[in-house]
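Let me begin by presenting the structure, written as structure tokens, before commenting on it.
Residue numbers (the numbering used here), protein chains in the order written: chain B, 2 to 155; chain R, 17 to 403; chain Z, 2 to 376.
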């Protein structure tokens, strides 16, 4: 399936999504409220079958008051690639957990929580993964500061 | 809507189940961060009932250096040495992932010579990594002798690297747009001389460990994970291939010179520790095959196509590139704002971080010794988990 | 019983050996001079102590060299000629290291355990017939005593694991307890085969009974099978690879001696090596003729040539060969899992041992020897 028909198929399944520009692979942008529904379709649709969640990460845009969540999906059945992005407000960064769809998301989401402070709803075990439980702040945020930093964020 | 955040303390101090009839009690032990199976400093809390593993709680983070944060202050060439220090046994392949991403994003063309040399180097390193893994697996299962045999080959390949690159571990070799140094004139001859020896070594590995009854008893049918589950748990590399999923980025989306060579994607049938062991041995044979096909015809040309002192700025957007390292898909996700020569956000998709968690599905129900086999068969490199 | 008498008589008439132990000499000397008796006692104590330290050093050196050559390296070469003093240097280091007792450990038991572990092999050293005239004491219940004392060896390990207040030590100790007690059954069954053949429990008596041939081949297959069972079971008793699960490094860090350091750790280490020596010496004594030279039937010339080699050398050569085999195991095999280990003992070795004992009994009763006994 070529990227164009892939995007068209996803769009017909979920009309609320938009295509995301500035990406090297087919990319769609999904409202965070519909994320779980879209992801379920992507995983279970017979022509898509995105069974491998390769990357789950978040990008901080303090100027635009949002976190962009990036999911990179791969289908080992059809050999397809898709980037799913979703925005959550920075003031209230809560997103639905996709760990019920891909078990690996449980830990990838823990990493995103640990370093970026995105909270995942319905996550079975939301804990910090690398840092101490009593660590203050989320280091990958652009405005993160601590006393050891040599170069403070502007 | 509130999201409940847990702590490790909360998890570890949950009441343990006691069996009232036999008055036995489950107990927690820390495997790591200082433990021979930690292979560095991975902490795994194991809930045991006697010898039987009930639950496995990996607690990574003891080598977390915040590489992703540091990379937000570095330009793309400066990122390369940091990748050496993630999965240090696949340093060249990690370099390649960054170089590939930047080249694709910035539209830098490379030539055949660069791609062939990169492929040969990457395969040599895969051989080196698998040789070391083979030795370490032997050591984990109690056959200490295997460790030194594995290390012997690692040193010999290390010498080849040292001659061209000047480093044995942290290579910093593959750069966006080319290579750090050209190969030495006798590189091809030396590698060609090495290949028959390495072939013998793989056969020797077979005779030293594979045929051993105890070794087979320890690995066969232990820690089985089927293909669909392995994929859902995010496994890549030999771990997922041992479960029968032919996911090998070298074959599914050929990069470098992999499109020009013949090689097989090795897959297992059962998905147990033995398959993960044997897939790697077979991969060593395939790597030797790949190098054999390339080593005779290294094309001529410059070893870089751009000047290295030029600052690279990537166009705005998401750029992702990935390579198949010795442990699975290593990906680099760069979010660029299109204005500065440093990434806005850089995320490493680490194969070890994603392969680690399958242990929580595999190990429960097995004995302590099987947990060792299972963890050893995953071939984890801890700095790559923690980043 | 008829058989036992003929055999003992044969051994008595045919032998040119008149073994004399230090204990015999001491008893003989009582009417003459009590000082001489005391001298013999002192000689026994000093001899065993000297042997203990010498064996510890020598075996560690040998193990290192053998391991090195199995692993394509050289082993110690720097300290002293051929690295001979390396072990001494390491021992000195261990002596001067801090003797650390974990704060919440059972202090007195923690201190006691290494000595208990070392006690058994030291007692056994006194019983082994090194040569017709070099043996501290020859008990007429030698085999019984060895199995009884050998079973005590597990106490040191169990106490070490229990008193350390460490989960790894505890698992290691429990594994060791289960393993050693299980495998001692098989070892004892294998010893009984030799007792059946030779009709005596005295170690010197067993050596003398092998004048016409060693029990490893003279007892049909039964002797050979008993030898194999004893080798495997005693390797398990030693906690050495492939049966080193009580201290399996990659699983339990160091098992029962995780919390030991310095001299007390050295004692465990020493106990393991001395144990290896006593097991090898017993294997040599029971199955390979002990200090008895190698004889073949009627080849008088060959037999006479063999007799020129001193019995002490024979003993040493046989023991060293067995030690080498045990080290060879260690540097070749991976480690068994705990349930596989139990499976091997209770479902393979033990039934085999019983069957073998039965076969041996049939062989003895029907006198179906390939070589006539002492005739």
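All residues carry an ideal CB built from backbone N, CA and C; glycine is no exception.
Would you list, in chain order, the members of the segment 41-68 of chain Z that have their beta-carbon closer than 9 Å to a beta-carbon of chain R?
-> 68: these are the residues of the segment 41-68 of chain Z whose beta carbon lies less than 9 Å from some beta carbon of chain R, given in chain order.
Residue 127 of chain B at chain R interface by Cβ criterion, 8 Å | In the first chain, residue 127 of chain B corresponds to position 126, counting from 1. Closer than 8 Å to some Cβ of chain R, the Cβ of residue 127 of chain B qualifies, so yes.
Would you call the CB atoms of residue 150 of chain Z and residue 121 of chain Z closer than 8 Å?
-> For the purposes of this step, residue 150 of chain Z is taken as residue 149 along the third chain, with counting starting at 1. For the purposes of this step, residue 121 of chain Z is taken as residue 120 along the third chain, with counting starting at 1. In terms of Cβ geometry, residue 150 of chain Z and residue 121 of chain Z form a close pair [threshold 8 Å].
Note down the Cα distance separating residue 105 of chain Z from residue 163 of chain Z, rounded to an integer number of angstroms.
-> As a working mapping, residue 105 of chain Z is identified with position 104 in the third chain. As a working mapping, residue 163 of chain Z is identified with position 162 in the third chain. Each residue's alpha carbon lies about 12 Å from the other.
Would residue 1 of chain B count as contacting chain R if we go by Cβ distances under 8 Å?
-> Residue 1 of chain B is absent from the structure shown; chain B starts at 2 and stops at 155.
How about the segment 94-113 of chain Z and the segment 382-394 of chain R: do they share at least three Cβ pairs that are nearer than 8 Å?
-> With the rule of 3 Cβ pairs closer than 8 Å, the segment 94-113 of chain Z does not count as touching the segment 382-394 of chain R.
From the beta carbon of residue 346 of chain R, is the nearest beta carbon of chain Z less than 8 Å away?
-> Along the second chain, read from residue 1 onward, the residue named residue 346 of chain R stands at position 330. Chain Z, which has no Cβ nearer than 8 Å to the Cβ of residue 346 of chain R, makes this no.
Beta-carbon contacts of residue 211 of chain Z that lie in its chain and below 6 Å, excluding the five residues immediately before and after | For the purposes of this step, residue 211 of chain Z is identified with residue 210 of the third chain, where counting begins at 1. Only 290, 293 meet the Cβ criterion.
Coil, strand or helix - residue 121 of chain B by DSSP = Looking up residue 121 of chain B in the first chain gives position 120. Strand at residue 121 of chain B.
Is it the case that the CB of residue 348 of chain Z approaches a heavy atom of the ligand NAD more closely than 7 Å?
-> With respect to small molecules bound, the structure shown includes none, and the ligand NAD cannot be examined in it.
Can you give me, in chain order, the residues of the segment 49-83 of chain R that have a beta carbon less than 7 Å from any beta carbon in chain Z?
-> Residues of the segment 49-83 of chain R with a C-beta less than 7 Å from any C-beta of chain Z: 51, 52, 53, 67, listed in chain order.
Less than 8 Å between the CB atoms is what I'm expecting for residue 363 of chain R and residue 84 of chain R, so what's the real figure, rounded?
-> Taking the first residue of the second chain as 1, we reach residue 363 of chain R at position 347. Taking the first residue of the second chain as 1, we reach residue 84 of chain R at position 68. Taking a contact as a CB-CB distance under 8 Å, the pair residue 363 of chain R and residue 84 of chain R counts as one, their CB atoms being some 6 Å apart.
Of all the residues that make up the segment 225-252 of chain Z, which are near chain R by a beta-carbon distance shorter than 8 Å?
-> Residues passing the 8 Å Cβ filter: 242, 243, 245, 246, 249, 250, 251, 252.
Which value, in whole angstroms, describes the spacing of the CA atoms of residue 70 of chain B and residue 17 of chain B?
-> By one-based count along the first chain, residue 70 of chain B stands at place 69. By one-based count along the first chain, residue 17 of chain B stands at place 16. Taking the straight line joining both Cα atoms gives about 17 Å.
Residues that DSSP places opposite residue 340 of chain R in a beta bridge | One-based indexing of the second chain puts residue 340 of chain R at position 324. Residue 340 of chain R is bridged to R/345.
Beta-carbon of residue 373 of chain R versus every beta-carbon of chain B: anything under 8 Å?
-> The sequence position of residue 373 of chain R within the second chain is 357, counting from 1. By this cut-off, residue 373 of chain R is an interface position.
Backbone CA spacing between residue 66 of chain B and residue 354 of chain R [nearest angstrom] = Numbered from 1 along the first chain, position 65 holds the residue referred to as residue 66 of chain B. Numbered from 1 along the second chain, position 338 holds the residue referred to as residue 354 of chain R. Distance between the alpha carbons of residue 66 of chain B and residue 354 of chain R is about 20 Å.
Helix, strand or coil for residue 46 of chain R, going by three-state DSSP, please let me know.
-> In the second chain, counting from the first residue as 1, residue 46 of chain R sits at position 30. Residue 46 of chain R: strand per DSSP, three-state reduction.
Within the 8 Å Cβ cut-off, does residue 147 of chain R reach chain Z?
-> Translated into positions along the second chain, residue 147 of chain R becomes position 131. Cβ-Cβ to chain Z under 8 Å: no for residue 147 of chain R.
For residue 237 of chain Z, is the classification buried or exposed, using 16 other Cβ atoms within 10 angstroms of its Cβ as the cut-off for buried?
-> For the purposes of this step, residue 237 of chain Z is taken as residue 236 along the third chain, with counting starting at 1. Label assigned to residue 237 of chain Z: buried.
Backbone secondary structure at residue 12 of chain R - three-state DSSP | One cannot answer for residue 12 of chain R here, as it falls past the ends of chain R, which runs 17 to 403.
Could you please tell me which residues of the segment 22-41 of chain B, in chain order, have their CB closer than 9 Å to any CB of chain R?
-> Answer in chain order: 22, 23, 24, 25, 26, 28.
Between which two residues does the beta strand (DSSP E) carrying residue 70 of chain R extend?
-> The residue you call residue 70 of chain R lines up with position 54 of the second chain. Start and end: 68-75.
Between residue 288 of chain Z and residue 215 of chain Z, is the Cβ-Cβ spacing less than 8 Å?
-> Residue numbering aside, residue 288 of chain Z sits at position 287 when the third chain is read from its first letter. Residue numbering aside, residue 215 of chain Z sits at position 214 when the third chain is read from its first letter. Yes, the Cβ-Cβ distance between residue 288 of chain Z and residue 215 of chain Z is below 8 Å.
Count the other CB atoms, across all protein chains shown, that sit within 10 Å of the CB of residue 138 of chain B; report buried if there are 16 or more and exposed otherwise.
-> Locating residue 138 of chain B in the first chain gives position 137, counting from the first residue. Exposed, by the Cβ-count rule.
Between which two residues does the beta strand (DSSP E) carrying residue 337 of chain Z extend?
-> Residue numbering aside, residue 337 of chain Z sits at position 336 when the third chain is read from its first letter. Here residue 337 of chain Z belongs to no beta strand (DSSP E), and DSSP marks it neither H nor E.
Coarse secondary structure for residue 320 of chain Z, derived from DSSP in three states = Counted from its first residue, the third chain places residue 320 of chain Z at position 319. Correct three-state label for residue 320 of chain Z: helix.
How is residue 352 of chain R classed by DSSP in three states: helix, strand or coil?
-> The residue given as residue 352 of chain R occupies position 336 in the second chain. Three-state result, residue 352 of chain R: strand.
So, is the C-beta of residue 407 of chain R closer than 8 Å to a C-beta in chain B?
-> In the structure displayed, chain R extends from 17 to 403; residue 407 of chain R sits before or after that span and is not available.
On the premise that residue 72 of chain R lies in contact with residue 379 of chain R, defined as a C-beta separation below 8 Å, what is that separation, rounded to the nearest angstrom?
-> As a first step, residue 379 of chain R must be located in the second chain, where it is residue number 363. As a first step, residue 72 of chain R must be located in the second chain, where it is residue number 56. Distance from residue 379 of chain R to residue 72 of chain R at the Cβ level is roughly 5 Å; contact confirmed, criterion being Cβ atoms closer than 8 Å.
Between the segment 323-336 of chain Z and chain R, which residues of the former have CB atoms less than 7 Å from a CB of the latter, in chain order?
-> Correct list: 332, 333, 334, 335, 336.
Residues of the segment 343-373 of chain Z with a CB closer than 7 Å to any CB of chain R: list them in chain order, please.
-> Those would be none; no residue qualifies.
Could you spell out where the alpha helix (DSSP H) holding residue 122 of chain R opens and where it closes?
-> Taking the second chain and counting its residues from 1, the one referred to as residue 122 of chain R is at position 106. Looking at the DSSP string, the run of the alpha helix (DSSP H) that includes residue 122 of chain R is 107-122.
Pull up the distance between the alpha-carbon of residue 66 of chain Z and that of residue 251 of chain Z, whole angstroms please.
-> One-based indexing of the third chain puts residue 66 of chain Z at position 65. One-based indexing of the third chain puts residue 251 of chain Z at position 250. Residue 66 of chain Z and residue 251 of chain Z have their C-alpha atoms some 23 Å from each other.
Residue-chain proximity (residue 340 of chain Z, chain R), Cβ-Cβ < 8 Å | Sequence index remark: in the third chain, residue 340 of chain Z carries index 339 (1-based). Residue 340 of chain Z counts as touching chain R.
Exposure label - residue 427 of chain R; buried when at least 16 CB within 10 Å = Outside the modelled stretch of chain R, which goes from 17 to 403, sits residue 427 of chain R, for which no answer is possible.
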